[in-house]
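In terms of the numbering used here, the sequence shown opens at residue 36 and continues consecutively.
Have a look at the structure below before the remarks.
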Amino acid sequence: MMDGREIVETLEVLREDGADRDRLMREAVRRIEGSEDHFDWVGIYLLEDDELVLHNYIGRPTDHVRIPVGRGVCGTAVEEGRDINVPDVSRADEYLACSTETASELVVLIRDSEIHGQIDLDSDDPDAFSERDQTELRRVADWLAGLF
Ligand code: SME
36 MMDGREIVET LEVLREDGAD RDRLMREAVR RIEGSEDHFD WVGIYLLEDD
86 ELVLHNYIGR PTDHVRIPVG RGVCGTAVEE GRDINVPDVS RADEYLACST
136 ETASELVVLI RDSEIHGQID LDSDDPDAFS ERDQTELRRV ADWLAGLF
């Protein structure tokens, strides 16, 4: 079961030991991915001007290393300033396929007064992401926002 507080505590210790932001974002992805079997692809995109740029990920390789704001589920989340849970990607018009196996997707923004990026998760299971997943990921995303 993913425990956002536990992941944040681990990241906090690494930061105290001198880990920089890039390392902390890689560790966050690694720990999130390892926490649930239904997290099949986990990555962080950072917002650079009008584009999301893939910072690091674990899972199948994707063509979508740069996504314009407003495109895809990822770019729509930024444009609309909200987290997006897509239970069935085949029904989302804006969806950009990373893999044909993917069935559902969750985007959680990394933000404070501004949007810095997002944690993006794909699952091969339909309707894979629960309210609890979202709550736990929000804890990690909020902590990551403090690094900017
Ligand atoms: N599905 C995303 C693109 C990113 S890949 O899933 C890694 C989207 O629709 O924006």
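Every residue gets a Cβ at the ideal spot worked out from N, C-alpha and C, and that includes glycine.
No experiment lies behind these values; they were computed from the predicted model shown.
- Shown here for Glu114: same chain residues with a beta carbon closer than 6 Å to its own, the five before and five after excluded, namely Val104, Gly105 in chain order.
- Unbroken alpha helix (DSSP H) stretches of 4 residues or longer found wholly inside the region 151-180: 166-180, given in chain order.
- Shown here, Glu68 sits in a helix according to DSSP, grouped into three states.
- Straight-line spacing of the CA atoms in Arg61 and Ala180 works out to 14 Å.
- Gly39 and Arg146 do not touch by the CB rule: their CB atoms are close to 16 Å apart, not below 8 Å.
- Ligand 1 approaches Ile102 closely enough that one of its heavy atoms is under 7 Å from the residue's Cβ.
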